[in-house]
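>
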Amino acid sequence: MSATTTDTRLEFSRPSGVRTIKNSLATVFVTIATLITIIPLAWVLSTVIIKGYRLILNSTWWLQSQRGITPRREGGGAYHAIVGTVEMALICAAIAVPLGVMGAILLIEYGRGTKIARGVSFMVDILSGIPSIVAALFIYALFITIFGLGRSAVAVSLALVLLMLPVVLRSTEEMLKLVPDSLREASYALGVPKWKTIVKVVLPTAFGGIMTGVMLGLARVMGETAPLLILVSYAVGINFSPTSDTMAALPTMINAGRDQPPQLPGYERVWAAALTLIMIVMLLNLLARFIARVTTLKEK
Amino acid sequence: MAVTDTDATERVEPEPAVLDPSISPVHHETRHSPVPEVAYHVPAPAKIDGVERVEVRSRGVKLAKISRTGDRVFRSLATTSGLLIVLLVLFVGIFLLALALPSLQADQDNFLTSRNWTVAGNELRFGIAGLFWTTVLSSILAMVLAVPVAVGVALCLTMYLHKRVSGPVSFVVDLLAAVPSIIFGLWGLTVLGPFLAPAAEWLISKIGWIPLFGRSVDPKGSIFVASVVLAIMILPIVIAISRDVFAQTPREHIEAALALGATRWEVIRTAVLPHGRSGVISASMLGLGRALGETIAVMIILTTPAQGSPFTPSIFAGGETFASKIANNAAEFDSPSKTGAYIAAGLVLFVVTFAVNAIARIIADRGAKS
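These protein sequence lines map, in sequence, to chains A and B.
Quick note on numbering that gives the first Met the number 0: the first sequence kicks off at 0 and runs consecutively.
Quick note on numbering that gives the first Met the number 0: the second sequence kicks off at 0 and runs consecutively.
#1: So Leu126 (chain A) and Val88 (chain B) are supposed to be a Cβ contact under 8 Å. How far apart are they, rounded?
#2: Would you tell me roughly how many angstroms separate the C-alpha atoms of Ala367 (chain B) and Arg150 (chain A), rounded to the nearest one?
#3: Does DSSP put Thr117 (chain B) in a helix, in a strand, or in coil?
#4: Which of the three DSSP states, helix, strand or coil, is assigned to Asp258 (chain A)?
#5: Please determine, among B:Ile358, B:Ser334, B:Arg114 and B:Ala359, the residue with the shortest C-alpha to C-alpha distance to Asn121 (chain B).
#6: For the structure I just gave you, are there three or more beta carbon pairs, one from the stretch 125-145 of chain A and one from the stretch 223-239 of chain A, closer than 8 Å?
#7: For Val25 (chain B), does the count of other Cβ atoms within 10 angstroms reach 16, so buried, or fall short, so exposed?
#8: DSSP state of Phe332 (chain B), grouped into three classes?
#9: Quick one: using the 10 Å Cβ neighbour count with 16 as the cut-off for buried, is Gln65 (chain A) buried or exposed?
#10: CB-CB under 8 Å to Phe223 (chain B), same chain, minus the five flanking residues each way: which ones, in chain order?
#11: Taking a Cβ distance cut-off of 9 Å, strictly less, list which residues of the stretch 126-148 of chain A are near chain B, in chain order.
#12: Contact criterion: CB-CB distance below 8 Å. Does Thr204 (chain A) meet it with respect to chain B?
#13: When the Cβ atoms of the stretch 239-246 of chain A are set against those of the stretch 11-21 of chain A, are three or more pairs found closer than 8 Å?
#14: Starting from Val269 (chain A), follow the alpha helix (DSSP H) in both directions and report where the run begins and ends.
#15: Note down the Cα distance separating Gly118 (chain A) from Asn356 (chain B), rounded to an integer number of angstroms.
#16: What would DSSP say about Leu123 (chain B), mapped onto helix, strand or coil?
#17: Check whether the stretch 149-165 of chain A and the stretch 89-100 of chain A touch, using three or more Cβ-Cβ pairs below 8 Å as the test.
#18: Go through the stretch 20-53 of chain A residue by residue and report every complete run of the alpha helix (DSSP H) that reaches 4 residues or more, in order.
#19: Between which residues of its own chain and His27 (chain B) is the CB-CB distance below 6 Å, once the five residues before and five after are set aside?
#20: Let me see if you follow: with CB-CB separation under 8 Å, is Phe28 (chain A) close to chain B or not?
#21: Would you say Thr171 (chain A) faces chain B, with C-beta separation under 8 Å as the test?
#22: Comparing C-alpha positions only, which one of B:Leu174, B:Thr262, B:Pro235 and B:Leu123 sits nearest to Gly16 (chain A)?
#23: Is Ile22 (chain B) helix, strand or coil by DSSP?
#24: Would you call Arg292 (chain A) buried or exposed, if buried means 16 or more other Cβ atoms sit within 10 Å of its Cβ?
#25: Can you find at least 3 beta carbon pairs, one from the stretch 200-210 of chain B and one from the stretch 64-84 of chain A, that sit closer than 8 Å?
#26: Using the three-state DSSP reduction, which class does Asp244 (chain A) fall into: helix, strand or coil?
#27: Taking only the alpha-carbon atoms, compute the straight-line gap between Ser240 (chain A) and Pro250 (chain A) and give it to the nearest angstrom.
#28: In the DSSP assignment, find the unbroken alpha helix (DSSP H) run with Trp60 (chain A) in it and report its ends.
#29: Straight-line CA distance for Thr189 (chain B) to Ile48 (chain A)?
#30: Strictly below 9 Å CB to CB, what residues from chain A border Ser277 (chain B)?
#31: Identify the residues that DSSP records as bridge partners of Lys176 (chain A): which are they?
#32: Please state whether DSSP places Asp124 (chain A) in a helix, a strand or coil.
#33: Per DSSP, what kind of secondary structure is Asp108 (chain B) in: helix, strand or coil?
#34: Of all Cβ atoms in chain A, is any one closer than 8 Å to the Cβ of Ser308 (chain B)?
#35: Since I believe Gly74 (chain A) is in contact with Thr59 (chain A) (beta carbons under 8 Å), could you give me their beta-carbon distance rounded to a whole number of angstroms?
#36: Name the chain A residues whose beta carbon is nearer than 8 Å to that of Pro179 (chain B)?
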């Protein structure tokens, strides 16, 4: 601050020794804290990449399942698990996205400040803090114990809806808040009904932000393991039917093989599955960030 | 709407064909109340005194008839979605309670104080004391480890680093949040556990006489390792919220402190930290809530002690949390009484995380008001 002044009459004394030392210690502390935070990420990523990269470079990894492959045998791929992960996430999104977007529309466009909006907002707060295992237990209780249906991939998707819904709803809500009122008023002034204003003006303006929320929600549910453990059995074969009681997914593929000793070929497949999962999740995150960057709607 | 209605008799019905029916369907009875539609016409330009003038022939306000059906349908759709969400959450509580109750009534032990977990066979003997201890101990230890680091990082991002550097660092922190928990679990078990073993051994040899740091059987799959992994997992949440709160410190407070000759640390201590305190506390509670409910990472790392083994209060012991107990035994949900016992444990977890999250929100709201 004082360096630029040329006025010799002003005397800017430096802070005393103790204060300078405290200041330096604080700088050292925040630097170390930042390094401590970055190290685990680098460590996890490098471990997964080093142990798993060899298999995913092979095309069989992406095209074959683990059917007939024992931990002692080389070969096979993760196609069955990728199919399961993507399919369950898509079914989940097909339910969670409309519900979340409509919920956000209720909160912002129709029910601002009303009792029902406050109730919904409160429940979404609870939902966003719900542990995934509790969501899984609830679907288990509802579908399997009460309705008497068997375990299935659909049940997993429904449990994932509980986890994805708050992400989509909150990000949509934030985006709808950012849509300027002048746009809505311009539309009303032209005699456009409210619902059409929402569909044709508000939602397109907020589209980028909503997609960001959807991508982040998808990334979250794809990495979830607890509902998979409770609601569906892991299978090594390829299965497209979401109503059958077995379906593979990348997290359960990792979980099924995690106890293998390092010298077996199966051990490497676990890390390759981990790398595949990280790649999918990171890709979704990067996509979300990219969409957020290119959309015109910015924080006021 | 300053258009005056001078000649009502000259009013002409607007031709529906002129208006785009998709924007303004005029063929319905109801009127669109807040915004009147103006019947428009194209006035022929006329030359008066050599000056081109637009003749204003006031035809008056025409309130077009606009359908409200679409609005009604859309509003009820939105309301239904909202109600569905409310019901969903209520059902979570109700169903869990309904299915847990029979098992709780059949429980021969005290549900809150027993450490037993015998759910096979006809006699149910189970309690949550052991699960509760492991869950709370691992989560609180994770919070204690994570919060100082997170505050340091948040300060670094907001007060120290240039925007061009803090952007990428924030990005890396957000990526940390994206890593699935099973991968943290796998990494914690195979890489971090062996790495921390010497440190754990050293701690045991130095302060092992304190029961909390006492020696236990398997230091690899200990609560300590699980807590470190949990700490890494909750770091991004705490950092993100603290960062946002610190960034909102009023510019005037910072400048006032600087004008008084404060060093950067003194600015932080006198202006930034007091302003962000409630936000940081609330962020820590949210992180705690996340740690309490974390399932798969903890399940993979923790060594499950043998049934009936004596209780060790050490962080270097193994154990089972609510979530890991349920997930570990998911394959055994065959009889209603057995399932009910696990659902009862899940219900307790639900209540505990709900309480922690509610406290976090109350603190955050209070901080926002003051």
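Yeah, the Cβ is synthetic: ideal placement off N, Cα and C, and Gly gets one too.
Reading it off the structure:
#1: 6 Å
#2: 45 Å
#3: strand
#4: coil
#5: B:Ser334
#6: yes
#7: Interpretation of Val25 (chain B) is limited by its pLDDT of 41, a score under 50 that renders its predicted location unreliable; no figure is taken from the coordinates.
#8: coil
#9: buried
#10: Leu140, Leu195, Ala199, Ile314 and Phe315
#11: Leu126, Ser127, Gly128, Ile129, Pro130, Ser131, Ile132, Val133, Ala134, Ala135, Leu136, Phe137, Tyr139, Ala140, Leu141, Ile143, Thr144 and Ile145
#12: no
#13: no
#14: Pro264 to Val293
#15: 16 Å
#16: strand
#17: yes
#18: none
#19: Note that His27 (chain B) scores a pLDDT of 41, beneath 50, so its modelled location is shaky; the value from the coordinates is reported in the next line. Around His27 (chain B): Lys64 and Ser66.
#20: yes
#21: no
#22: B:Thr262
#23: Note that Ile22 (chain B) has pLDDT 41, beneath the 50 cutoff, so the model's placement of it is unreliable and the number below is only indicative. DSSP places Ile22 (chain B) in coil when its eight states are reduced to three.
#24: exposed
#25: no
#26: coil
#27: 19 Å
#28: Ser58 to Leu62
#29: 15 Å
#30: Those do not exist, as Ser277 (chain B) stays about 17 Å from chain A at its closest Cβ, beyond 9 Å.
#31: For Lys176 (chain A), which the question treats as bridged, DSSP gives no partner whatsoever.
#32: helix
#33: coil
#34: no
#35: 7 Å
#36: Met221, Gly222, Glu223, Thr224, Pro250, Leu276, Ile277 and Val280
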